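Numbering (my numbering) for the sequence shown: 6 to 246.
The beta carbon of each residue, even a glycine, is placed where N, CA and C say it ideally should be.
All figures in this text were calculated on a predicted structure; none of them were measured in a lab.
Single-structure report; data block below.
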Amino acid sequence: MFLPPKGSTNPAEHSQSETLFWSDQLAEHGLFLAMLLPGAEATVLRRRALEFRDRFQAHFQAVRPAAVDATNYRDVNRRTIELIEPFVAFKLELEEALRRGKVRGLVYPTFAAHIAAEGEHFRTRLLDLNAGEVGFDLAALVPFWSRIMGEHALFAAHLLDPGHEQPLIQQARDLAARFQALSTSRDAAEVAAAGEMILDYKQTAENGIESGEIQSIIHPALADHIRREAIKFLDELNRAA
């Protein structure tokens with residue numbers, strides 16, 4: 006996990022940690038898209054998805070050891086935004102093609118829109134940092150993360166084995182409904198409580214998927230991916246509150 010130091014108001018520290026966290030996540034988005042678009046007809050899409058993965062992995066490796074400070078963090082953020090924007094466009098194009106039936110695969114259109122929204126959130130955060138805005142706005146965070154956490158729960162409900170995991174499926178649906186209801190909440194404690202619940206759920210699911218005790222078509226890398234985003238959500242919520 007890459008998070009800013011506790012209590013930090015340094016835009017360079019935030020910029021580097023945001024870039025490391027989300028570059029890692031976006032690289033995995035490319036991998037997941039390639040995994041979920043099988044067959045010869047999706048060859049070009051898989052190649053493009055893996056190209057984005059490679060770009061974000063390379064960017065991560067370049068930024069991690071770099072000295073990001075007041076003199077250069079805006080340039081680092083601008084270079085990162087230049088990588089984000091075409092990937093967001095690719096995800097939105099894929100969503101549209103999936104909705105129109107022009108592309109067939111194992112990617113839900115909602116999943117393509119979901120990961121596009123995460124890229125847009127990343128881009129907006131870097132733009133805010135370049136404008137000198139380090140703090141988080143609770144009114145903006147809650148709708149975004151409620152959507153993301155709620156959709157994670159819905160995806161889990163549809164990827165767990167329906168013949169063996171009905172209690173976990175129902176728990177996921179309940180969590181999705183809870184986050185939908187919280188999308189307009191301004192009660193940080195209430196939202197944080199839901200965040201802790203879904204983090205516990207994801208940790209349990211990841212452990213069970215890794216060990217084979219939970220039956221699903223969720224890859225362990227995807228289980229770990231969404232667990233990290235729950236930690237990121239709670240960290241941002243804490244800083245905003």
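Open item on the list: For the structure I just gave you, are there three or more beta carbon pairs, one from the stretch 142-152 and one from the stretch 50-63, closer than 8 Å?
Closed with: Short answer: they don't touch.
TODO: Take Ala228 as the anchor and find which of Lys237, Gln208, Asn243 and Glu241 has the nearest alpha-carbon.
DONE: Translated into the one-based positions of the sequence shown, residue 228 becomes position 223. Residue nearest to Ala228 within the set Lys237, Gln208, Asn243 and Glu241 is Gln208 (criterion: CA-CA distance).
TODO: Hey, could you find the ends of the alpha helix (DSSP H) Asp179 is sitting in?
DONE: Here residue 179 refers to the residue found at position 174 when the sequence shown is read from its first residue. For Asp179, the enclosing alpha helix (DSSP H) stretches over residues Gln171 to Leu187.
Task: Proximity winner among Glu125, Leu165, Ala198 and His230, relative to Glu87 (alpha-carbon distances) - done: In the sequence shown, the residue the question calls residue 87 occupies position 82. Here the closest residue by C-alpha is Glu125.
TODO: Determine the DSSP secondary structure at Ser221, reduced to helix, strand or coil.
DONE: On the sequence shown, residue 221 is found 216 positions in, with the first residue counted as 1. It is a strand residue.
TODO: Mark Asn77 as exposed unless 16 or more other C-beta atoms lie within 10 angstroms of its C-beta, in which case mark it buried.
DONE: Sequence index remark: in the sequence shown, residue 77 carries index 72 (1-based). The residue in question, Asn77, is exposed, as its Cβ has fewer than 16 Cβ neighbours within 10 Å.
- [ ] Using beta-carbon positions only, say whether Ala117 and Leu103 come within less than 8 Å of one another.
- [x] By 1-based counting over the sequence shown, the position of residue 117 is 112. By 1-based counting over the sequence shown, the position of residue 103 is 98. It is a contact, given that the beta carbons lie within the stated cut-off.
Task: Given Ala210 as reference, the closest of Glu33, His157 and Ser188 once Cα atoms are compared - done: To locate residue 210, count along the sequence shown from 1; it is residue 205. Nearest of Glu33, His157 and Ser188 to Ala210, Cα basis: His157.
Task: Cβ contact (3+ pairs, closer than 8 Å) linking the stretch 18-37 and the stretch 65-81 - done: By the criterion of at least three beta-carbon pairs nearer than 8 Å, the stretch 18-37 is in contact with the stretch 65-81.
Open item on the list: Using only the alpha-carbon positions, how far apart do Asp179 and Pro91 sit?
Closed with: What you label residue 179 is simply residue 174 of the sequence shown in a count that begins at 1. What you label residue 91 is simply residue 86 of the sequence shown in a count that begins at 1. Those two C-alpha atoms are separated by around 35 Å.
- [ ] Quick one: grab the DSSP three-state call for Leu165.
- [x] In the sequence shown, residue 165 corresponds to position 160, counting from 1. Of the three classes helix, strand and coil, the one that applies to Leu165 here is strand, per DSSP.
Open item on the list: Helix, strand or coil for Leu3? Go by DSSP, reduced to three states.
Closed with: Since the displayed the chain opens at 6 and closes at 246, residue 3 lies outside it and no answer follows.
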